[in-house]
Amino acid sequence: MAIGTAALASAATAATASPATLEVNISGLRNMKGNVLVCVTANPRFFPDCSKDTKSLRTTLPARDSAQVSFRGIAQGTYAIAVIHDENGNDKMDMAIFIPKEGFGFSRNPAIVSGPPKFKAAAFAIDAAEVSQRIKMKYML
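Number 249 in this note's numbering belongs to position 72 of the sequence shown; there are no gaps in the numbering.
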């Protein structure tokens, strides 16, 4: 009987460890100009700019198509998401003396006091077959 229980526990662990789907719902874009850059990372050293994280998941899509983004095949773990509304399409966040000129958002929608949030403030767990995050865009200028 103990062997059967162990086998069931092992099968359950294998089933929960299978790759997941992450649904990212983005709201609050001020216009449909340019692109939306979405970056998902599990490495706190590469947050919020995970462009140099070779293991990050990134996508760029037209702003008009950015209400929902899906990432499939993600391993379980702790992740954070950074989103930029790249209105002029130059693939980066434009700044005006340390203040973002373009929109941004993060998983878990942490309060922005001075500078971007730490990984811990935006971190969430992928521990199910399907996980979703709602991100509300913010604009400083």
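Positions of the beta carbon are idealized from the N, C-alpha and C atoms, including for glycine.
Give me the DSSP bridge partner(s) of residue i.
| i | result |
| --- | --- |
| residue 310 | 201 |
| residue 214 | 237, 261 |
| residue 278 | Paired residue(s): none; residue 278 is not in a bridge. |
Among the options, which residue has its Cα nearest to the Cα of residue i?
| i | options | result |
| --- | --- | --- |
| residue 215 | 297, 271, 246 | 246 |
| residue 234 | 221, 243, 251 | 251 |
| residue 291 | 282, 276, 198 | 276 |
| residue 300 | 306, 219, 227, 314 | 219 |
| residue 260 | 241, 274, 226 | 226 |
| residue 285 | 293, 279, 274, 298 | 298 |
Grouping DSSP H, G and I as helix and E and B as strand, with all else coil, what is residue i?
| i | result |
| --- | --- |
| residue 240 | helix |
| residue 225 | coil |
| residue 296 | helix |
| residue 253 | coil |
| residue 195 | coil |
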